[in-house]
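First up is the structure itself, then whatever we jot down about it.
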Amino acid sequence: MYLLETHNQKMKKIYELVKKVAPSSSTVLILGESGTGKEVLAKYIHFCSKRKGPFVPINCAAIPEELLEAELFGYEKGAFTGAIKSKPGKFEKAHKGTIFLDEIGDLSPKLQAKLLRVIQEKQVERLGSDKAIKVEVRILAATNKDLEKEVQQGRFREDLFFRLNVIPIKLPPLRERKEDIPILAQFFLKKICEREGIEEKKLTSQAMEALINYPWPGNIRELENLIERLVILSENNTIDVKDLSLPSFDLKFKIKESLAEDKDMLLKYALPEISEDGIELNKLLKDIEVYYLKKALEISKGVKTKAAKLLGLNRTTFIEKLKKYNLV
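Residue 252 in this note's numbering sits at position 252 of the sequence shown, and the numbers go up by one each step.
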């Protein structure tokens, strides 16, 4: 198993951290929005660890509380109606391996208390039994919630949070790692085409630009689903922007595309009209210049040489303009 190449600085730091963390037995708390790849990262940590046991995932938000307790800790025959034979829980199955507790922030107070006890005592008791079963398990947990906020509002146990938050890793949303979208899109294209036995399809530069500019509320999962849909439904080997059908993005992109073809129309929509009273051209030009100076500084994270290059200026001229508008 491997992690995809990244051009994003945050992800590079995360990869470096994972390499240090993986060989240890420390608990890791993976934070991030839905679809950012938390389980993939958890699997990679387990894969790179020295643990001989299995990787056992469970989604704490997908199972009702009464069933989740039995799934996590197991049960004995006759423990409840329908328990016709004994069954080990996820913790027992993960012995000598790793348990991945996805959406840990959705655990009920009762199960939070029981999980805390298991972490502290390193043993479980099946439902319907008072016999303690020792388990040697590494815990990886993940959530899309702000657990510190959940603790402050009394919805998550502080002591459990401290137990889980040994090594926190926060995954950025896809909209904050746009430079990785081409890598991910090409990876999913190749993977899905190979899986379906289809000749590999390609994205046009306009289609790729649209993917890069889309905000991806569903993150990597949404991108993968879109690529799969395109591979299956597209009749051509080349996927263009018109094939994408990105929600709430189509109209905006089409307008931008059509305006770009007609500079006069673009300026008409972007700039104020000249009224009978006239227009203050110098003020308008100043406002435009200040806007782009600030934007360049924002994109370059304050690095003036890089910001100047973005605007096609040398560093000296750029700094003079900053001083002119009191931006330094």
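Positions of the beta carbon are idealized from the N, C-alpha and C atoms, including for glycine.
Within this structure, are the beta carbons of Pro-23 and Lys-50 separated by less than 7 Å?
Looking up residue 23 in the sequence shown gives position 23. Looking up residue 50 in the sequence shown gives position 50. Going by C-beta atoms, Pro-23 is nearer than 7 Å to Lys-50.
Return the bridge partner residues of Ile-133 from the DSSP annotation.
Here the question's residue 133 lines up with position 133 in the sequence shown. Val-124.
Beta strand (DSSP E) containing Thr-305: first to last residue?
Start at 1 with the first residue of the sequence shown, and residue 305 comes out as number 305. Segment 304 to 310 is the alpha helix (DSSP H) holding Thr-305; no beta strand (DSSP E) there.
Comparing alpha-carbon positions, which option in Tyr-292, Lys-87, Asn-213 and Lys-324 lies nearest Arg-126?
By 1-based counting over the sequence shown, the position of residue 126 is 126. Of Tyr-292, Lys-87, Asn-213 and Lys-324, the residue nearest in Cα terms is Lys-87.
Identify the continuous alpha helix (DSSP H) that holds Ile-169 and give its terminal residues.
The residue labelled residue 169 in the question sits at position 169 within the sequence shown. Taken as a continuous stretch (DSSP letters only), Ile-169 belongs to no alpha helix (DSSP H), being part of the beta strand (DSSP E) at 167 to 170.
Just checking my contact of Glu-140 with Ile-30 at CB under 8 Å: how many whole Å lie between their CB atoms?
The residue you call residue 140 lines up with position 140 of the sequence shown. The residue you call residue 30 lines up with position 30 of the sequence shown. Checking the displayed sequence, the identity of residue 140 turns out to be Leu instead of Glu. About 7 Å; that satisfies the 8 Å criterion.
For Thr-238, does the count of other Cβ atoms within 10 angstroms reach 16, so buried, or fall short, so exposed?
Position 238 of the sequence shown holds residue 238. Answer is exposed; the Cβ neighbour count stays below 16.
Buried or exposed (CB count within 10 angstroms, at least 16 for buried), Ile-299
For the purposes of this step, residue 299 is taken as residue 299 along the sequence shown, with counting starting at 1. Classification for Ile-299: exposed.
If you reduce the DSSP assignment to three classes, tell me which class Ser-205 lands in.
By one-based count along the sequence shown, residue 205 stands at place 205. DSSP places Ser-205 in helix when its eight states are reduced to three.
If the criterion is Cβ atoms closer than 7 Å, does the pair Glu-222 and Asn-144 meet it?
Mapped onto the sequence shown, residue 222 falls at position 222. Mapped onto the sequence shown, residue 144 falls at position 144. Going by C-beta atoms, Glu-222 is not nearer than 7 Å to Asn-144.
Which one of His-7, Leu-116, Met-11 and Leu-3 has the shortest CA to CA distance from Lys-170?
Within the sequence shown, the letter at position 170 stands for residue 170. Out of His-7, Leu-116, Met-11 and Leu-3, Met-11 has the C-alpha closest to the C-alpha of Lys-170.
Same chain only: Cβ atoms within 7 Å of Leu-3, ignoring 5 sequence neighbours per side:
Here the question's residue 3 lines up with position 3 in the sequence shown. Only Tyr-15 and Tyr-44 meet the Cβ criterion.
Here's the rule I'm using: 16 or more other beta-carbon atoms within 10 Å means buried, otherwise exposed. How should Glu-276 be labelled?
To locate residue 276, count along the sequence shown from 1; it is residue 276. Under this definition Glu-276 is an exposed residue.
When the Cα of Val-118 is compared with those of Lys-134, Gly-128, Ser-108 and Asp-130, which residue comes out closest?
In the sequence shown, residue 118 corresponds to position 118, counting from 1. For Val-118, the nearest C-alpha among the options comes from Lys-134.
Considering only DSSP beta bridges, list what Ser-275 is partnered with.
Mapped onto the sequence shown, residue 275 falls at position 275. Looking at the DSSP assignment, Ser-275 forms a beta bridge with Gly-278.
Do you know how far the Cα of Glu-194 is from the Cα of Leu-230?
Here residue 230 corresponds to residue number 230 of the sequence shown, with the count starting at 1. Here residue 194 corresponds to residue number 194 of the sequence shown, with the count starting at 1. About 14 Å.
Option in Ser-26, Lys-52 and Pro-57 with minimal Cα separation from Val-40
Here the question's residue 40 lines up with position 40 in the sequence shown. The residue from Ser-26, Lys-52 and Pro-57 with its alpha-carbon nearest to that of Val-40 is Pro-57.
Buried or exposed, going by whether 16 or more other CB atoms sit within 10 Å of the CB of Glu-69?
Here the question's residue 69 lines up with position 69 in the sequence shown. So Glu-69 ends up on the buried side.
Check this for me: beta carbons of Leu-211 and Ile-181, under 7 Å apart or not?
As a first step, residue 211 must be located in the sequence shown, where it is residue number 211. As a first step, residue 181 must be located in the sequence shown, where it is residue number 181. Yes.
Cβ pair Leu-72, Lys-90 closer than 7 Å:
As a first step, residue 72 is located in the sequence shown; it is residue number 72 there, counting from the start. As a first step, residue 90 is located in the sequence shown; it is residue number 90 there, counting from the start. Against a cut-off of 7 Å, the Cβ pair of Lys-90 and Leu-72 comes out as a contact.
Residue interval of the alpha helix (DSSP H) (run including Ile-319)
What you label residue 319 is simply residue 319 of the sequence shown in a count that begins at 1. Residues 315 to 324.
Tell whether a beta-carbon distance below 7 Å holds between Glu-92 and Gly-74.
To locate residue 92, count along the sequence shown from 1; it is residue 92. To locate residue 74, count along the sequence shown from 1; it is residue 74. Yes.
On the DSSP letters alone, give me the boundaries of the alpha helix (DSSP H) that Phe-162 sits inside.
Reading the sequence shown from its first residue, position 162 is the one you call residue 162. Its alpha helix (DSSP H) spans residues 158 to 164.
According to DSSP, simplified to helix, strand and coil, what is Leu-140?
Stepping through the sequence shown from its first residue, residue 140 is reached at position 140. Note: Leu-140 maps to strand in three-state DSSP.
Can you list, in chain order, the residues of its chain whose CB lies under 6 Å from that of Ala-113, leaving out five sequence neighbours each side?
Taking the sequence shown and counting its residues from 1, the one referred to as residue 113 is at position 113. So no residue of the chain qualifies.
Indicate, with yes or no, if the ligand SAH has a heavy atom lying under 6 Å from the CB of Asn-225.
Although the ligand SAH was asked about, the structure shown includes no ligands whatsoever.
If we count the other Cβ atoms within 10 Å of its Cβ and call it buried at 16 or more, is Glu-332 buried or exposed?
As shown, the chain starts at 1 and ends at 328. That puts residue 332 outside it, with no answer to give.
On the three-state DSSP scale, how would you describe Lys-87?
If you number the sequence shown from 1, residue 87 lands on position 87. Lys-87: strand per DSSP, three-state reduction.
Let's test the definition: count the other Cβ atoms within 10 Å of the Cβ of Asp-287 and tell me whether it reaches 16, buried, or not, exposed.
Counting from one through the sequence shown, the residue named residue 287 turns up at place 287. With fewer than 16 other Cβ atoms within 10 Å, it is exposed.
Compute the Euclidean distance between the alpha carbons of Phe-55 and Asp-240, then round it to the nearest angstrom.
Locating residue 55 in the sequence shown gives position 55, where the first residue counts as 1. Locating residue 240 in the sequence shown gives position 240, where the first residue counts as 1. So the alpha carbons of these two residues sit roughly 40 Å apart.
Taking DSSP as the reference, what is the three-state secondary structure of Val-56?
For the purposes of this step, residue 56 is taken as residue 56 along the sequence shown, with counting starting at 1. Here Val-56 sits in strand by DSSP.
Is the separation between the beta-carbon of Leu-297 and that of Ala-307 shorter than 7 Å?
For the purposes of this step, residue 297 is taken as the residue at position 297 of the sequence shown. For the purposes of this step, residue 307 is taken as the residue at position 307 of the sequence shown. Cβ atoms of Leu-297 and Ala-307: closer than 7 Å.
Helix, strand or coil, according to DSSP, for Leu-231 in the structure here?
Position 231 of the sequence shown, counted from the start, is the residue given in the question as residue 231. Reading off the sequence shown, one finds Val at residue 231, where the question assumed Leu. Annotated three-state conformation of Val-231 is helix, per DSSP.
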